[in-house]
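Chains as they are written, first to last, in my numbering: chain U, 221 to 876; chain D, -8 to 90; chain C, 2 to 280; chain X, 2 to 516.
Using N, Cα and C, we set each Cβ at its ideal position, and we do this for glycine too.
Quick caveat, the model's predicted, so the values are computed rather than measured.
Encoded as structure tokens, the structure appears first; notes follow it.
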């Protein structure tokens, strides 16, 4: 079987690849257009009719098509460039395009420069590909929203920002894209901002992302102080010259940034709330692309992490905690989107885990990122399709028996399901398998935890399937489930196909080889068990999880309301493992007290000192003005006193 | 003939005038004390004119007289108006110029 | 120098006298003495022009002005020597003594060298010399003082001038009354007094008109409003009743019939023009 | 044309405009006064563009006009621009007409003529401040700005403005007084060294001994710290912005307060370099406190205008931090920040003015759901807010990241504390946005109308510039950099080399030159 044909690369470890782009020419000079197209789309859609002199209504009619076409155009260019890149020699696969000097002060020179290399190329395909599909899907999903034009504008904005993120040639431009996707995410989560919960979730997501951004900003500062540049090329060139402590700090700061964007513990709390956004947003941003930016960052900064083992260990720890955390959440939630969100957290945990494992894992992290992008987008869109048919109800306890009513949705969702639990042959099988395998080879504790995670994944995904598509109908009154329109199901079908087939990426160890110019080549670590045995164990574990779900959920009656008499663990998981409470206790509540305290202190203490001084002066003058009693003779007396003083002073000066 | 006695006399008169301004309450008497002070100064001017052999001091005294005349005219008119409205010529009664 | 030693004590004593006399007239006289002495001193200091000016302008004009004002204000007003401002007198005296002592000591200490004297400057005559300087070097100051004097004189006029009030004569009052009568019908003469035609003489009893009806304008509106007006005929009846009982001869009673209701004469019936006249 | 007195012209146009506007016939609404005032504000653009056109990047102080004024103590009427001045001049001439357009009706209740006249007066004085190259002249116009500012605050705005105006005036006068001591001190120093002269170029050439420098520095710094404002002396800021009209606040915060940071660069660093370095630790700590404290207190505000005022405290902290870390990134970043902060905060204030005009309240908690009824209003508010919180793509980001990077280069803790501002800024902006704009529509604001053309017209130039300079800040930096380099040369510092020195990426690999 294919698996046996895929030994891990046996080349020597420690070769740090240096980013060394060659100038973009020919076809590659179109690179900027990849970003440019959706950006133009966003501008036209958002600034809308008034500026273009069009009637707003007209733009509303075809605006969504404009958005979709720009995304599709971007995909077409990405695909062309990818093929062109494949046609190049392996050493020529880093192409840089310098657009303009962003800013330049002293030795700080930041160019608005792009870097197109195999890593970016894969991301480009994922972002524009999945992005286009989700655009298409949104045409149907958002049909009845009067602000659909704006929605597409935001989506295009997001695509542009995300592309900038992955095409950046230095950390500052990356930061630009990084913040840009954060903004788009904010706008889209809060798209239905008349709902207070959506507005609050949007703000929460943005602020928590910004906490992570502190890390990225500081890392950039430290990089500049250390290397005098933030270009990938320069930093990767000079990284080996820096002390390990410095690199560790940079690594940890980058990790903080990655945690924020990728919803890793401890900055995970925003992701579940982010499900307040429209479902296509959840699929695109909070499953397939933006949340994986953290993984991208770690893989991109491999030249730093390779020299900072402590930081790598930190990644592994964070990732392992997150993958279990997300999985536990997924088991307890009844909101279909939140289950998927928990699952996303968990899966990104796997990617981070792989990325934290170093050269051995980078390629697998990206691989899993891609496959996850497909199947999770697929499932989110499927969930959206279900919600679409169920009058926007998200509670799985009100679902059940939907496979008959929504055959296309069901089948495509099932593909995604099989992919995520790692059913042999489906894409998730290949990618997750590799990660667990590598983890076991690097550190058996982490490996076993990852294995447990895989089992739990099987449990909660099966639970979701059972509660949604099988069993009794528990629909609310007046709900008439129906299949979604063609414009929504076609993207589902495409994504389902990709979920099944994207496993071939690993064919012939292709992705590992393809990414070698970026991440280097790993030394082969002998896994503790034969590869085949590991695969068997993983599959068995997943099967256990599935079986558990079948016995605990599928065989029983599912109550319409969630039972309250449940174990502590379930309660905790339903409460997001008290993530919000922890934040509340540790940060928000003290913060709120601090703020109110300072606000009072500002009025009372700081301003009070000033006002008090003024009051004291007033009092003093009120006293001293009593001297002015109105009697002319009294004033004359003070004049004489003054004269006397002057005379005496003159005398004293003359005598002295 | 030294002018020092004149200067001393001038100083004494000036001081007496000043004390008078400070202690007397009848506005007219206060005015007279001011005149004493002015005259004391004049004496000084004239004496110094002689000391220096220069008539400028006398001119100064002359001007002081003119200004004093003007001042007395206006001042007495003010006293008149105040007296008309208040029936009093005491400087202490006009004590509105206060806090 | 002899003149100085004679005059100086006089001057100091006069000046001190100003401080202590109670009457302003006395003070003025003392100041006059002081100024004449001063004029003489000017003479000894070779300033004949100032001597004349001092006597004519100061003693003659300014001091007379003082006396005029004193006459207007009241010659015989004496000033109380009780100090009203706390500490004023003591502080003044202390300050005065210190200032005086300092000045005297300083003036006594300074050495001025030989006196130049004014023989040379006054060689062409003191007045001519002064005029030469005054109308050359000091001409602008001189003109300015001229303007000052005129302004001061005008100012004094304005300040001391009293607006004459138009005197109201009996004639004008009477004319006004007739005008009012012609224009608004306001009653020109005095209003009838209450009770004069009645047997009962009191402010709360209206006078009776020749036809026997009560005159509303003869009583105060206030009494009408209070309702405490009495009826004269009713009163007369009562008196007659008593008289009959006492066996006195009857007196003729007039206008008996129409007086019953006048105790409740409405307030509104009072003539508008008579309001307040009764009070 | 280079002999043409562009700078005098630049100051005179608004000054004449102020006088003309003040003496126009009065009438209800006074459209004439408004139009004339706006006309003069726009006319000021002409000499300003003349200055810009005649300016050669990197040639130091240019377009100088020097005339003896009070020769007794060496005061001159001396004007000139360098990169630093030019940027501030352009900001001023840009903001004033926009403020006028945006607050077209804000002064209708008061005396409109007077409002426009004072605005022009303030503009003239501010331009004089930014172009003065004589310390004495600078001091005079520095104090003169307070006159129009005082009357703008006390005459127009909300209840309680007189008190705020007095507070503002007392603070500023206090600072000015302390500065006066230093200005006199400079005279003493310069007359001791020969002929007294207040020209900056002459003063910069002096070698002032260290103790004197420190005293002089204190005087200048306290005045500028009050103006800018920095932490313990900031309390006039929120009170003033709360009570004044938003147009006035724009003029105060976006133009007038820049005099503080401008002065720090020009006088503290330019004239007293050793003392500036001596004071650096304290100043940096104050700046850091301002950054965090301003942001935290801003979060706690319910009054929209107070909130915006306090965000400026945080931003000024960053600017001062940039100035005092003594690196080209920091200083250029600070100057650019002054410019960008002017644009962003002006937009925020003006839009806040629109909001308050519609809702009749400045209380954030009393608003809600405005996005539904006035989407354009919410949109521009969000863009301005994002600019304030340092969103890349909008110009303040560039300056903010430059300052942060420079701060990190100065000391890691300075960078670490300063960087918290990006989270706090997100909280205060987005939380305010959430409470004001999102959520269900409140019934009392159901009939709120969206922005009209005039209102949009006043903020769109700002937003466009924010975006343009977010992507292409380099033209501005090209103007700023040489001026900053001159100042840093005067201070005598150069940028720290990076810890790891490498040559160009594609030549020899790095040496392990790591400290």
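Tell me which same chain residues have a C-beta within less than 7 Å of the C-beta of residue 474 (chain X), skipping the five on either side of it? The count along the fourth chain starts at 1 and reaches residue 474 (chain X) at position 473. Same-chain partners within the cutoff: 337, 396, 399.
When you compare the CB positions of residue 347 (chain U) and residue 382 (chain U), do they come within less than 8 Å of one another, or not? In the first chain, residue 347 (chain U) corresponds to position 127, counting from 1. In the first chain, residue 382 (chain U) corresponds to position 162, counting from 1. Taking 8 Å as the Cβ cut-off, residue 347 (chain U) and residue 382 (chain U) qualify as a contacting pair.
Going along the chain, which residues of the region 50 to 67 of chain C sit with their C-beta nearer than 9 Å to a C-beta in chain D? Hits within the stretch, in order: 50, 51, 54, 55, 58, 59, 62, 63, 64, 66, 67.
Can you tell me which of the three DSSP states residue 279 (chain X) falls into? As a working note, residue 279 (chain X) is residue 278 in the fourth chain. DSSP, read as helix, strand or coil, puts residue 279 (chain X) in helix.
Quick check: what's the CA-CA separation for residue 444 (chain U) versus residue 469 (chain U)? As a working mapping, residue 444 (chain U) is identified with position 224 in the first chain. As a working mapping, residue 469 (chain U) is identified with position 249 in the first chain. Residue 444 (chain U) and residue 469 (chain U): Cα-Cα distance of roughly 13 Å.
In whole angstroms, what separates the C-alpha of residue 203 (chain X) from that of residue 485 (chain X)? As a position in the fourth chain, residue 203 (chain X) is number 202, starting the count at 1. As a position in the fourth chain, residue 485 (chain X) is number 484, starting the count at 1. Taking the straight line joining both Cα atoms gives about 19 Å.
Could you tell me whether the Cβ atoms of residue 674 (chain U) and residue 540 (chain U) are closer together than 8 Å? Position 454 of the first chain holds residue 674 (chain U). Position 320 of the first chain holds residue 540 (chain U). Going by beta carbons, residue 674 (chain U) and residue 540 (chain U) fall outside the 8 Å limit.
Test: residue 850 (chain U) CB closer than 8 Å to a CB of chain D: Position 630 of the first chain, counted from the start, is the residue given in the question as residue 850 (chain U). Yes, residue 850 (chain U) lies at the interface with chain D (some Cβ there is under 8 Å from its Cβ).
Give, in chain order, every residue of the region 412 to 441 of chain U whose Cβ lies closer than 7 Å to some Cβ of chain X. 413, 414, 416, 419, 420, 423, 426, 427, 430, 431, 433, 434, 437, 438, 440, 441
With distances taken Cα to Cα, identify the nearest neighbour of residue 23 (chain D) among D:11, D:32, D:37. The residue given as residue 23 (chain D) occupies position 32 in the second chain. For residue 23 (chain D), the nearest C-alpha among the options comes from D:11.
Put residue 319 (chain U) into one of helix, strand or coil per three-state DSSP. Mapped onto the first chain, residue 319 (chain U) falls at position 99. It is a strand residue.
Selected residue, minimal CA-CA separation from residue 376 (chain X), among U:838, U:801, U:367: Indexing the fourth chain from 1 puts residue 376 (chain X) at position 375. The option with the nearest alpha carbon to residue 376 (chain X) is U:367.
Looking at C-beta atoms only, is the number of pairs between the region 64 to 73 of chain D and the region 68 to 76 of chain C that lie closer than 8 Å three or more? yes
Buried or exposed by the 16-neighbour rule on C-beta atoms within 10 Å, applied to residue 391 (chain U): Position 171 of the first chain, counting from 1, holds the residue named residue 391 (chain U). So residue 391 (chain U) counts as buried.
For the region 434 to 500 of chain X, list the beta strand (DSSP E) runs that are entirely contained and at least 3 residues long, ordered along the chain. Listed in chain order, there is nothing to give.
Could you tell me the distance, in whole angstroms, from the CA atom of residue 266 (chain X) to the CA atom of residue 324 (chain X)? Here the question's residue 266 (chain X) lines up with position 265 in the fourth chain. Here the question's residue 324 (chain X) lines up with position 323 in the fourth chain. The alpha-carbon atoms of residue 266 (chain X) and residue 324 (chain X) are separated by roughly 7 Å.
Unbroken stretches of the alpha helix (DSSP H), 4 residues or longer, contained in the region 150 to 202 of chain C: Listed in chain order, they are 171 to 185.
Tell me which residues share the same chain as residue 436 (chain X) and place their Cβ nearer than 6 Å to its Cβ, disregarding the 5 neighbours each side in the sequence. Taking the fourth chain and counting its residues from 1, the one referred to as residue 436 (chain X) is at position 435. Excluding residues within five positions, the ones whose Cβ falls inside 6 Å are 365.
Please decide whether residue 71 (chain D) counts as near chain C, where near means a Cβ-Cβ distance under 8 Å. Position 80 of the second chain, counted from the start, is the residue given in the question as residue 71 (chain D). So yes, residue 71 (chain D) belongs to the interface.
Would DSSP call residue 511 (chain X) helix, strand or coil? Position 510 of the fourth chain, counting from 1, holds the residue named residue 511 (chain X). Residue placement at residue 511 (chain X) cannot be trusted, given a pLDDT of 39 that sits under 50; what the coordinates show is reported in the next sentence. Of the three classes helix, strand and coil, the one that applies to residue 511 (chain X) here is coil, per DSSP.
Quick one: what's got a C-beta closer than 6 Å to residue 30 (chain D)'s C-beta in the same chain, skipping five residues either side? On the second chain, residue 30 (chain D) is found 39 positions in, with the first residue counted as 1. Same-chain partners within the cutoff: there are none.
Look at residue 679 (chain U) and residue 647 (chain U) and say whether their C-beta atoms are less than 8 Å apart. For the purposes of this step, residue 679 (chain U) is taken as the residue at position 459 of the first chain. For the purposes of this step, residue 647 (chain U) is taken as the residue at position 427 of the first chain. Not closer than 8 Å, so no.
Identity of the residue in U:279, U:345, U:315 nearest residue 372 (chain U) by Cα: The sequence position of residue 372 (chain U) within the first chain is 152, counting from 1. Comparing Cα positions, the closest option is U:279.
Between residue 40 (chain D) and chain C, is there a C-beta pair that is closer than 8 Å? Along the second chain, read from residue 1 onward, the residue named residue 40 (chain D) stands at position 49. Yes, contact with chain C.
Residue 207 (chain C) classed as buried or exposed, judged by whether at least 16 other C-beta atoms fall within 10 angstroms: The sequence position of residue 207 (chain C) within the third chain is 206, counting from 1. Flag for residue 207 (chain C) reads buried.
Rounded straight-line distance, which links the Cα of residue 77 (chain X) to that of residue 70 (chain X): Here the question's residue 70 (chain X) lines up with position 69 in the fourth chain. Here the question's residue 77 (chain X) lines up with position 76 in the fourth chain. CA-CA distance, residue 70 (chain X) to residue 77 (chain X), rounds to 5 Å.
Using alpha carbons as the reference points, say which of U:810, U:467, U:301 lies closest to residue 313 (chain U). Within the first chain, residue 313 (chain U) is the residue found at index 93, counting from 1. For the residues U:810, U:467, U:301, the minimum Cα distance to residue 313 (chain U) belongs to U:301.
What residues in the region 303 to 325 of chain U bring their beta carbon closer than 8 Å to a beta carbon of chain X? 320, 321, 322, 323, 324, 325
From the DSSP secondary-structure annotation, give me the bridge partner or partners of residue 67 (chain X). To locate residue 67 (chain X), count along the fourth chain from 1; it is residue 66. Answer by DSSP bridge pairing, in chain order: X:79.
Option nearest residue 505 (chain U) by Cα separation, candidates U:561, U:548, U:550: Counting from 1 along the first chain, the entry for residue 505 (chain U) is found at position 285. The shortest C-alpha separation from residue 505 (chain U) is found at U:561.
Nearest chain U C-beta to residue 47 (chain D) closer than 8 Å, yes or no? Indexing the second chain from 1 puts residue 47 (chain D) at position 56. Judged by the 8 Å Cβ criterion, residue 47 (chain D) is not in contact with chain U.
Please compile the residues from chain X whose C-beta is within a distance smaller than 7 Å of the C-beta of residue 827 (chain U). Counted from its first residue, the first chain places residue 827 (chain U) at position 607. Chain X residues near residue 827 (chain U): 236.
Minimum Cβ-Cβ distance from residue 4 (chain D) to chain C less than 8 Å: Here the question's residue 4 (chain D) lines up with position 13 in the second chain. For residue 4 (chain D), the answer is yes, since a Cβ of chain C falls inside 8 Å of its Cβ.
Identify whether residue 244 (chain U) lies in helix, strand or coil by the three-state DSSP scheme. Within the first chain, numbered from 1, the residue matching residue 244 (chain U) stands at position 24. Coil at residue 244 (chain U), not helix or strand.
Would you say residue 34 (chain D) lies against chain C (beta-carbon separation less than 8 Å)? As a position in the second chain, residue 34 (chain D) is number 43, starting the count at 1. Cβ-Cβ to chain C under 8 Å: yes for residue 34 (chain D).
Need the endpoints of the beta strand (DSSP E) that residue 924 (chain U) sits in, please. Here chain U has residues from 221 to 876 only, and residue 924 (chain U) is not among them.
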